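Using my numbering, you'd call the opening residue of the sequence shown number 451 and step up by one each time.
Where is the CB? At the ideal position from N, CA and C, for every residue including glycine.
Predicted model only: the values in this text are computed from it and were never measured.
These notes concern the structure reproduced below.
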Amino acid sequence: MLLNKDRAYEIMDREGLDALVAVSSNNVLYLSDFDSDFLYDVPWVACAILPRDPNKEACLIVTEIEAAVLIQKPTWMPKVKLYYFGTYGGILKVHTFTENLATEEDRAIATMVKGMEDEPYIGVTEAAIAALKELGLHNSSKIGIDDTRFVAALDGALDADRVVDATNLLIEIRMVKTPEEIAILREAARKNQNAITSAIATIREGATWDEVHRAYEIQVASEGARVFANFNGAGVKSAG
């Protein structure tokens, strides 16, 4: 688990928060352990809710598209809600299933997707409204959200006067790393160093920056990682 839960509870108590709600990509990942490429492609595509009361289930909300990712890399959060993307006059359903699925993973995905048909939420906000009400957080005295603009999209489910910007609080929580997070940072540093070494090895008279970029990115992929950014350069192209 990335989340330093004890520290989160301590800071929530200090600030008098009944819950933390995250909709920005990094904070959703931090609170829930849920990670996917799509999480970083679309604003507000997911939502993570961490109640202060440990008797209330933490909740992750993601699109139906991510069902396979959730089966392959489950979140620790006990409550998961899937939602459909809305289209003009309807909804976008991504998954279809045959009667006889070959693998246990496929059957698990089908079960998860079919389970949402009883509560077919359209959009992340509709699912978030339902989750907040189910958890009794719509009546909370104080909730922290990492993007307060999200409150306006919740159709009055939360009183804006009882919501505070939790951006800096989440940064404060994340300052103290868990052992799991430290292990990930070390592994990422090792893989990045291997990719840098590979890129440096391509530098020679007549080499192009495309070759250097390519060597770095190929090595990153071979390490089982993804490129976040790739900036390098020298001389007149020192800005990359």
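Per DSSP, the beta bridge partners of K529 are C509. Measuring C-alpha to C-alpha distances from S672 to each of N682, I646 and K564 identifies I646 as the nearest. In this structure the stretch 581–596 touches the stretch 506–526; the number of beta carbon pairs closer than 8 Å is three or more.
Below 8 Å, enough C-beta pairs join the stretch 660–670 and the stretch 634–649 to call them touching: three or more. Per DSSP, reduced to three states, the secondary structure at D485 is coil, with no helix or strand assignment. Spanning the alpha carbons of A458 and V492 requires a straight line of approximately 26 Å. No residue range can be given for L452, since it is assigned to no alpha helix (DSSP H) and is classified by DSSP as neither H nor E.
Contact check for I559 against A517 passes: the beta carbons are separated by less than 9 Å. Taking the Cα of V677 as reference, the smallest distance to any Cα among A638, A684, F484 and E661 is reached at A638. Secondary-structure assignment with DSSP links F547 through no beta bridge to anything. In the DSSP assignment, P629 falls within the alpha helix (DSSP H) that extends over P629 to A651. Of the candidates L532, G594 and G536, L532 places its Cα closest to the Cα of D568.
Counting only the Cα atoms, E465 lies some 9 Å from L619.
Closest in alpha carbon position to S474, among D556, D597, G606 and L520, is D597.
Pairing F484 with T513 gives a Cβ-Cβ distance that is not under 9 Å. A check of alpha carbon separations from G594 across M527, A469 and M451 identifies A469 as the nearest. Beta-bridge partners of A472 (DSSP): A498. Per DSSP, the unbroken alpha helix (DSSP H) holding D660 starts and ends at W659 to S672. As a beta-bridge residue in DSSP terms, I572 pairs with Y534.
DSSP places G594 inside the beta strand (DSSP E), whose first and last residues are I593 to I595. DSSP, reduced to helix, strand and coil, places G540 within a strand of the structure shown.
Contact annotation, N477 with T628: C-beta distance approximately 15 Å; criterion of less than 8 Å not satisfied.
Counting the other Cβ atoms within 10 Å of the Cβ of L635 gives fewer than 16, which makes it exposed. When only Cα atoms are considered, M625 and D605 end up about 33 Å apart.
With a threshold of 16 other beta carbon atoms within 10 Å, A657 falls short and is exposed.
Annotation: V601 is outside any beta strand (DSSP E) and is labelled neither H nor E by DSSP.
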